[in-house]
Amino acid sequence: MIVTYNSAKVLPGCLASLAEGARGTHLAEVVVADNASRDDSAAIAERAELPIRVVRTGRNGGYAAAINAGTRTLDLEALDAVLILNPDCRLRPGMLAPLSDALREPGRGIAAPRIVDPGGHVHPSLRRAPSVRGAVAEALIGGRLAGRIGTLGEVITDPLRYERPGPADWSTGAAMLVSAAALREVGPWDESFLLYSEETEFALRAADRGWTLWYEPAAVVEHIGGDAKVNPMLASLLAVNKVLLFRRRRGPVAAFAYHAAVTLGETLRALAGRRTSRAAAIALMRPSRRMRSLPG
């Protein structure tokens with residue numbers, strides 16, 4: 001399943017990679033869930049020489065809303081798993097087979113691939129569960145350094161971790177294979193997040209029900225990505241959603257401390273001149289400045 005929104009520039013490359021990426025497995029169907037794109041995304045999908053179905057959501061309701069709309073068109077009883085993709089992803093040849101094999105072990109509900117950028121550099125896509133301790137560390141010394149120190153940071157940045165398979169609390173949602181059994185049990189993705197933290201919420205909710213997320217480095221996906229690093233609007237949504245998710249899963253005291261730590265980190269980086277952090281800090285401190293909907 002591919003979620004699109006004004007994705008005409010990147011979607012052809014994603015679609016072109018599917019057949020080779022699925023080599024060694026059975027690609028039953030490709031669903032493109034389109035969030036009311038104003039460009040030719042839907043038309044491009046319809047012209048692809050694949051067993052494809054385009055689901056028009058009729059609105060830009062966000063990543064989770066599109067996933068849910070696409071999932072509702074599937075017969076999960078007839079499928080083993082559903083691959084969820086951003087349109088700016090490219091599957092490396094044969095990547096789906098090891099990802100699918102990873103889900104054959106009992107209790108594994110989500111399989112996450114190694115994600116690389118267009119230059120082939122590994123993207124730090126694995127995460128630990130959010131914690132106050134991790135948020136404070138990232139605020140004071142930065143996420144990249146905190147991720148290298150034991151289990152301190154939320155983002156796992158140790159390069160050696162990406163060389164070996166194993167469980168993780170959650171991973172970025174640009175590419176993941178979810179077992180049909182887990183989808184049936186865990187239920188719909190939470191649409192209230194619009195963008196960012198919806199994959200965190202889903203993975204943690206799956207873990208609550210006994211489903212493990214498994215990282216498989218033999219499966220490789222190329223991802224362009226990076227909008228939240230340069231777009232102040234998206235950066236503010238990312239920061240606010242992190243705090244919202246933590247508040248929903250933890251008590252008020254821990255939630256207050258986590259909010260304070262994230263706000264401190266964004267404020268320090270805003271004072272250093274980072275434009276995206278300034279937008280995030282404002283949204284964290286002023287609820288009236290937070291995004292309530294995505295552009296139509």
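Numbering (the UniProt record's numbering), first residue to last: 1 to 296. Virtual Cβ for every residue (Gly too), placed ideally from N, Cα, C.
Which listed residue (the options) has its alpha carbon closest to that of residue i
i           : options                   : result
A129        : L234, T267, E154 and R59  : E154
H121        : E138, Y162 and A139       : Y162
A261        : G143, D169 and A174       : G143
N131        : D34, R290, A255 and R292  : In the sequence on display, residue 131 carries Ser and not Asn. When each option's Cα is compared against that of S131, the closest is A255.
H26         : A81, V243 and E138        : A81
S37         : A19, K9, A28 and A48      : K9
residue 309 : M291, L268, A19 and S125  : A question about residue 309 goes unanswered here, because the residues of the chain that appear run from 1 up to 296.
M233        : G225, L268, R269 and T276 : T276
A65         : A19, D117 and V32         : V32
G225        : R250, S125, E185 and S100 : S125
Pairwise C-alpha distance: residue j and residue i
i           : j    : result
R209        : G273 : 43 Å
F246        : S7   : 31 Å
C14         : V221 : 10 Å
R278        : L271 : 8 Å
L204        : G166 : 16 Å
I141        : R133 : 12 Å
Y258        : R127 : 16 Å
T4          : A16  : 15 Å
residue 303 : S197 : What is shown of the chain runs 1 to 296, which leaves residue 303 out entirely.
P106        : A207 : 13 Å
S171        : D40  : 30 Å
G187        : L264 : 35 Å
L194        : G119 : 29 Å
P295        : V178 : 28 Å
A280        : N231 : 10 Å
T157        : Y63  : 25 Å
R248        : N241 : 11 Å
A283        : S293 : 14 Å
V116        : M95  : 13 Å
L268        : A139 : 8 Å
A28         : R72  : 16 Å
L145        : H123 : 15 Å
L99         : A19  : 15 Å
M176        : R104 : 15 Å
R164        : E185 : 28 Å
Per-residue burial, residue i [other beta carbons within 10 Å of its own, 16 or more giving buried]
i    : result
L85  : buried
M285 : exposed
A43  : exposed
S288 : exposed
R90  : buried
S236 : buried
I149 : exposed
V136 : buried
T57  : buried
L160 : exposed
P252 : exposed
T151 : exposed
E77  : exposed
R182 : It is Ala, not Arg, that sits at residue 182 in the sequence shown. Classification for A182: buried.
E46  : exposed
Cβ-Cβ distance between residue i and residue j below 8 Å
i           : j    : result
R53         : A219 : no
V30         : L50  : yes
residue 313 : M1   : No statement about residue 313 is possible, as the shown extent of the chain runs from 1 to 296 and does not include it.
residue 311 : W211 : Outside the displayed range of the chain (1 to 296) lies residue 311, so it cannot be described from this structure.
D79         : A180 : This sequence places Leu at residue 79; Asp is not what is there. Yes, the Cβ-Cβ distance between L79 and A180 is below 8 Å.
A239        : E266 : yes
A111        : W189 : no
P102        : E216 : Going by the sequence as given, residue 102 is Ala instead of Pro. Closer than 8 Å, so yes.
N68         : E191 : yes
P93         : G21  : yes
A174        : H223 : yes
V55         : D34  : yes
Test: residue i CB closer than 8 Å to a CB of chain C
i    : result
E199 : Note that chain C does not occur in the displayed structure, where there is just one protein chain.
Could you tell me which uninterrupted beta strand (DSSP E) segments, each at least 3 residues in length, are contained entirely in the segment 23-59, listed from first to last along the chain? 30-34 and 52-56
What are the complete alpha helix (DSSP H) segments, minimum 4 residues, inside the segment 77-150? 96-102, 132-141 and 143-146
What are the uninterrupted segments assigned as alpha helix (DSSP H) that are 4 or more residues long and contained completely in the segment 236-276, given in chain order? 252-271
Mind listing, in chain order, the continuous beta strand (DSSP E) runs of no fewer than 3 residues lying wholly within the segment 198-223? 212-223
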